[in-house]
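Undergrad: Chains as they are written, first to last, in our numbering: chain A, 2 to 444; chain B, 696 to 1020.
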Amino acid sequence: MKFVLLWSDALFFLLVVTAIVGGLWARRIEHLRVSWRRVGQSRVAMAAATLLVAFVAVALLDSLHYRERLPGEGENYAVEVRSALDALLAGLRTRTEKTYSAPLATHSFAKETIEGEGRDFPRLKYGGAHLGDELGRHEMDIALRAVQGLALGLIAWLALWLAGAPLRRRATHLAWEAVFATLFALCLVSGVAAALAGGYHVLGTDKVGQDVLYLTLKSIRTGLLIGTLTTLIMLPAALFLGILAGYAGGWVDDVIQYLYTTLNSIPGVLLIAAAVLMMQVVIDTHPDWFATAAERADARLIALCAILGITSWTGLCRLLRGETLKLRELEYVQAARALGVSSLRILTRHILPNVMHIVMIAIVMDFSGLVLAEAVLSYVGIGVDPNTISFGTMINTARMELAREPMVWWSLASAFVFMFALVLAANLFADAVRDAFDPRGAR
Amino acid sequence: MLAYLIRRLLYALPILIGVNVITFALFFIVNTPDDMARMQLGVKRVTPEAIEKWKAERGYDLPLFWNERAEGAEKLTRTIFFTKSVRMFALDFGRADDGRDIAREIRMRMGPSLAIAVPVFVLGLFAAISFALLLVYFRASYLDFAGVVLCVAMMSVSSLFYIIGGQWLVAKVWHLVPISGYAGGLAAGKFIVLPVVISVFAGLGASARWYRTLFLEEAGKDYVRTARAKGLSERLVLFRHVLRNALIPILTGAVVLIPSLFMGSLLIEAFFGIPGLGSYTIDAINAQDFAVVRAMVFIGSALYIVGLLLTDISYTLADPRIRLQ
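1. Using 10 angstroms around the beta-carbon of B:R753, count the other beta-carbons present and answer buried if the total reaches 16, otherwise exposed.
2. Under 8 Å, Cβ to Cβ, is there at least one residue of chain B near A:T183?
3. Residues of chain A with CB under 8 Å from B:F840, in chain order?
4. Mind pulling the chain A residues with CB within less than 8 Å of B:I980?
5. Would you be able to state if there are at least three C-beta pairs under 8 Å between the region 175-191 of chain A and the region 318-334 of chain A?
6. Less than 8 Å separating the beta-carbons of A:G382 and B:N981?
7. By a C-beta neighbour count over all protein chains shown, 10 Å radius and 16 as the cutoff for buried, is A:I389 buried or exposed?
8. Just the C-alpha distance for B:F722 and A:S36, rounded to the nearest angstrom, thanks.
9. Determine the direct distance from the alpha carbon of A:A106 to that of A:R70, and round the result to whole angstroms.
10. For B:L961 and chain A, any beta-carbon pair shorter than 8 Å?
11. Quick one: give me the first and last residue of the alpha helix (DSSP H) that A:I21 is part of.
12. If you measure beta-carbon to beta-carbon, which residues of the region 824-856 of chain B are closer than 7 Å to chain A?
13. Does the beta-carbon of A:V148 have 16 or more other beta-carbons within 10 angstroms, so that it is buried, or is it exposed?
14. Spatial neighbours of A:I359 within its chain, please: CB distance less than 7 Å, with the 5 preceding and 5 following residues excluded, ordered by chain position.
15. Does A:N388 have its Cβ less than 8 Å from a Cβ in chain B?
16. Please decide whether A:P72 counts as near chain B, where near means a Cβ-Cβ distance under 8 Å.
17. Grouping DSSP H, G and I as helix and E and B as strand, with all else coil, what is B:S808?
18. Could you check the C-alpha separation between B:G842 and B:I811 for me, to the nearest Å?
19. For B:R799, which residues in chain A fall below 9 Å Cβ to Cβ?
20. Can you find a C-beta in chain B that's less than 8 Å from the C-beta of A:D285?
21. Could you tell me which chain A residues have their CB closer than 7 Å to the CB of B:P944, listed as they occur along the chain?
22. Could you check the C-alpha separation between A:I1 and A:V54 for me, to the nearest Å?
23. How long is the line joining the alpha carbons of A:L12 and A:M235, rounded to whole angstroms?
24. Does DSSP classify A:F4 as helix, strand or coil?
25. Give the secondary structure of B:I1017 by DSSP, where H, G and I count as helix, E and B as strand, and everything else as coil.
26. Since A:L161 and A:A426 are thought to touch, with beta carbons under 8 Å apart, how far apart are those beta carbons, to the nearest angstrom?
27. Would you tell me roughly how many angstroms separate the C-alpha atoms of A:A238 and A:L15, rounded to the nearest one?
28. Cβ of A:I273 within 8 Å of Cβ of A:E375?
29. With a threshold of 8 Å between beta carbons, is A:R1 in contact with chain B?
30. Can you find a CB in chain B that lies within less than 8 Å of the CB of A:A376?
31. Starting from A:N428, find everything on chain B with Cβ-Cβ shorter than 7 Å and list it in chain order.
32. Less than 8 Å between CB atoms is the rule here; does A:F438 satisfy it with respect to chain B?
33. So does the region 958-967 of chain B actually touch the region 251-258 of chain A, counting three or more Cβ pairs closer than 8 Å?
34. Leaving out five residues before and five after B:I874 in sequence, what residues of the same chain have Cβ atoms less than 7 Å from its Cβ?
35. Alpha carbon to alpha carbon, what distance is there between A:L184 and A:R350?
36. Over what stretch of residues does the alpha helix (DSSP H) that includes B:R753 continue unbroken?
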């Protein structure tokens, strides 16, 4: 086995580390700590955060990539890059059917000519295979497995509850009841899904027979990456240029303002389209840069994040410039300047901490929009690589199936439901963060 | 006022030039025309002759900035930068890959795009303002809370879901309107109803919530309290004072979008088969027709700059306290 660190993995881990370090840093600063405490007291925010953490956990598992060692002599590794999540869900990944099948079905969705029996719905290779010929037991079996799954989920939740007891005692002001209520629902749902996944395709299979549950779980990483990496990539530029424009003024301000007005006036989708088209040409004309298909898809993902970042940094930059302009004239900054404190020190000690709330709000507010944008862009054909599993590519391949009779609804429905859960959680969390950090709301 | 406008127009020029340079850099410097030709003709098994022919057909066989072999002023004009980028200022966009004149295509496709975009804009604004006013009227009640929750939920649903779901339900299950297509004149009616309704619906959550906060901010001001104190009914306060004052930021925020309505909507037009500029752009993206994408970027930016200018003018019209100089 050989570990593979894709660029997006590295950036994602960097992001998580940054978040943790940033969290520790924020604890030392009084007003940030107060604001975060207010977020922690909000029940809605904590429930949303719990769901987001669950999504991030899936994405982190999916970011530990490796290449399997091939049997035989010598150092030969498989071409496919797999992740820890793939290894965990090996059952789901390998048990592919021939084509569509409905959720929990035992038979294929399309009729086929079977030798000796004429045209009929063939049995699935894996879905409900353990039933053998006793098809009458199908519903009974599902009910039984569901109950087992509920029990499993309950036990898992109780374990979490007990493990969380010291936490609850230490930080009594946080809205733990919301956290554990969300965990309760999460445990039950995943318990049932896990129990059923042992014998069936819980959310059905897609056109080439892949398990839809597996695809949706894999999509989470792409969605999260687009939502977070974009901000990570654009943040340094926006922070630096925004504060510089506000603090320096004069021609520096003019140049930076000209820069972002120009970028802003190009319609976002078209700029993204043009840039992605060009990026694709670069990637296609240099196949030797990438060792595996995963690396090529990864390069396109990073490029997409960078391009989205370029189109979206202007808003944050403008806000930061305005805030810095305001702060520059305040007494304490004037006093610092009068005392001979260097500009660099004023910027890092007095300006930067006081614009952090704007950055924080921008990060969480942009996230949900970016996740939604990924789906639209992939649909238009300027999103992630078609081989990257994402909500957008899932919807794109599934939309034609609505025209079939009877309808194939499950891949579309699964993609939309998972996306809705992710975006709703992000929106609710973002609202709470904005309410807590926005000084206008702190009356 | 006139002097101000002229100055603003002069400011707009460097921005347009900037856009032009950025798109030029994107399309011709990141990748050479050779790369694009190889991409279009298939990366492998492509002869140099085929590349030269492809470039010559599209006028990409010139030097980028400076033509040594030409005479006099042609040293500057017979270059890719001049023929492809500078000519755009004269609204000369050249030809698409299929040989059609892009400017003519744009003129033809503007109508269908506007037929969708204008009703969406007007109805969307009206629906969002009405919904937000309703929530403000019942503020701090369970109805208000439920409305905000609904708005957040509606914002969290992908716009693709609204389109796919709406198209499936209304056109396929209920058979109320054709699934997709377009016709000129009055016959267009039955084709544009569904896209318009879906677009309005998809945008409602976000804008209604945003307008609600604007209204609430306005409703907390002193003059509103005065109006209430002198005995005006809540309805009068809301319509005569809060709505009229909060309309200023709403309308001025919306004005910037008006010129961009010409561009149409990419998704809606693609799904409903509307032959507008949005679907033109999507087709160009899928066919990797760089000339069309470049033209659309330029037009989109120009319209946005016009929108900014209109915004400034609308400020003075809506708010007499603001003077442009």
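Every residue gets a Cβ at the ideal spot worked out from N, C-alpha and C, and that includes glycine.
Treat the numbers as computed from the prediction; the structure is a model and nothing was measured.
TA: Based on what the coordinates show:
1. Sequence index remark: in the second sequence, residue 753 of chain B carries index 58 (1-based). It is buried - the Cβ of B:R753 has at least 16 other Cβ atoms within 10 Å.
2. Along the first sequence, one-based indexing puts residue 183 of chain A at 182. Not closer than 8 Å to any Cβ of chain B, the Cβ of A:T183 fails to qualify, so no.
3. Mapped onto the second sequence, residue 840 of chain B falls at position 145. Residues of chain A passing the Cβ test: none, with the nearest at roughly 11 Å.
4. Numbered from its first residue, the second sequence carries residue 980 of chain B at position 285. Simply A274, L278, V381, G382 and I383.
5. no
6. Counting from one through the first sequence, the residue named residue 382 of chain A turns up at place 381. Counting from one through the second sequence, the residue named residue 981 of chain B turns up at place 286. The answer is yes: Cβ separation under 8 Å.
7. What you label residue 389 of chain A is simply residue 388 of the first sequence in a count that begins at 1. Position check: residue 389 of chain A holds Thr in this sequence, whereas Ile was assumed. That one is buried.
8. Taking the first residue of the second sequence as position 1, residue 722 of chain B is located at position 27. Taking the first residue of the first sequence as position 1, residue 36 of chain A is located at position 35. Taking the straight line from one Cα to the other gives about 46 Å.
9. Residue numbering aside, residue 70 of chain A sits at position 69 when the first sequence is read from its first letter. Residue numbering aside, residue 106 of chain A sits at position 105 when the first sequence is read from its first letter. Going by the C-alpha atoms only, they are around 35 Å apart.
10. The residue you call residue 961 of chain B lines up with position 266 of the second sequence. By this cut-off, B:L961 is an interface position.
11. If you number the first sequence from 1, residue 21 of chain A lands on position 20. Segment W8 to R29, the alpha helix (DSSP H) holding A:I21.
12. V847, A848, M850, S851, V852, S853, S854, L855 and F856
13. On the first sequence, residue 148 of chain A is found 147 positions in, with the first residue counted as 1. A:V148 should be labelled exposed.
14. As a working note, residue 359 of chain A is residue 358 in the first sequence. Excluding residues within five positions, the ones whose Cβ falls inside 7 Å are L320, L321 and E324.
15. The residue labelled residue 388 of chain A in the question sits at position 387 within the first sequence. Judged by the 8 Å Cβ criterion, A:N388 is not in contact with chain B.
16. The sequence position of residue 72 of chain A within the first sequence is 71, counting from 1. No, A:P72 does not count as interfacial toward chain B.
17. Within the second sequence, residue 808 of chain B is the residue found at index 113, counting from 1. Helix, per DSSP.
18. Sequence index remark: in the second sequence, residue 842 of chain B carries index 147 (1-based). Sequence index remark: in the second sequence, residue 811 of chain B carries index 116 (1-based). One C-alpha to the other measures close to 28 Å.
19. In the second sequence, counting from the first residue as 1, residue 799 of chain B sits at position 104. Residues of chain A passing the Cβ test: none, with the nearest at roughly 20 Å.
20. Taking the first sequence and counting its residues from 1, one reaches residue 285 of chain A at position 284. So, interface residue.
21. Here residue 944 of chain B corresponds to residue number 249 of the second sequence, with the count starting at 1. The premise fails here: B:P944 is roughly 15 Å from chain A at the closest Cβ pair, so nothing lies under 7 Å.
22. In the structure as shown, chain A starts at 2 and stops at 444, and residue 1 of chain A therefore has no counterpart that could be examined.
23. Here the question's residue 12 of chain A lines up with position 11 in the first sequence. Here the question's residue 235 of chain A lines up with position 234 in the first sequence. Cα-Cα distance, rounded: 13 Å.
24. The sequence position of residue 4 of chain A within the first sequence is 3, counting from 1. Of the three classes helix, strand and coil, the one that applies to A:F4 here is strand, per DSSP.
25. Looking up residue 1017 of chain B in the second sequence gives position 322. Correct three-state label for B:I1017: coil.
26. What you label residue 161 of chain A is simply residue 160 of the first sequence in a count that begins at 1. What you label residue 426 of chain A is simply residue 425 of the first sequence in a count that begins at 1. About 18 Å; that fails the 8 Å criterion.
27. For this step, residue 238 of chain A is matched to residue 237 along the first sequence. For this step, residue 15 of chain A is matched to residue 14 along the first sequence. If you take the alpha carbons of A:A238 and A:L15, they lie about 17 Å apart.
28. Sequence index remark: in the first sequence, residue 273 of chain A carries index 272 (1-based). Sequence index remark: in the first sequence, residue 375 of chain A carries index 374 (1-based). Not a contact, by the Cβ cut-off of 8 Å.
29. Look at the range of chain A in this structure, 2 to 444, and you will see that residue 1 of chain A is not part of it.
30. To locate residue 376 of chain A, count along the first sequence from 1; it is residue 375. True, the Cβ-Cβ gap to chain B drops below 8 Å.
31. Looking up residue 428 of chain A in the first sequence gives position 427. Result: V847, M850 and S851.
32. In the first sequence, counting from the first residue as 1, residue 438 of chain A sits at position 437. Not an interface residue.
33. no
34. As a working mapping, residue 874 of chain B is identified with position 179 in the second sequence. So the list reads Q862, A866 and K867, once near-sequence residues are dropped.
35. For this step, residue 350 of chain A is matched to residue 349 along the first sequence. For this step, residue 184 of chain A is matched to residue 183 along the first sequence. Cα to Cα, A:R350 sits roughly 40 Å from A:L184.
36. Numbered from its first residue, the second sequence carries residue 753 of chain B at position 58. Where B:R753 is concerned, the enclosing alpha helix (DSSP H) stretches over P743 to R753.
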